[in-house]
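Remarks on the structure that follows.
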Amino acid sequence: MADDTVTVIDNRTGKRIELPIRKATQGPDA
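Using UniProt numbering, you'd call the opening residue of the sequence shown number 1 and step up by one each time.
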């Protein structure tokens, strides 16, 4: 697993999706 990701898990199906965290130029990372 990459460090700069967030994982979403669908509790109904158990499907896991990893999404990248984008580095922000202003404010917090999203």
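Backbone N, C-alpha and C define an ideal beta-carbon position, used for all residues, glycine too.
Indicate the three-state DSSP secondary structure (helix, strand or coil) for residue i in the structure shown.
| i | result |
| --- | --- |
| R16 | strand |
| T25 | coil |
| M1 | Confidence at M1 is low in this model, with a pLDDT of 49, below 50, so its placement is unreliable and the value that follows should be read with caution. Coil, per DSSP. |
Can you give me the Cβ contacts of residue i inside the same chain, cut-off strictly under 6 Å, excluding the 5 residues immediately before and after it?
| i | result |
| --- | --- |
| I17 | V8 |
| P20 | T5 |
Leaving out the 5 sequence neighbours to the left and right, which residues in its chain are closer than 8 Å to residue i when beta-carbon positions are compared?
| i | result |
| --- | --- |
| A30 | I21, R22, A24 |
| K15 | I9 |
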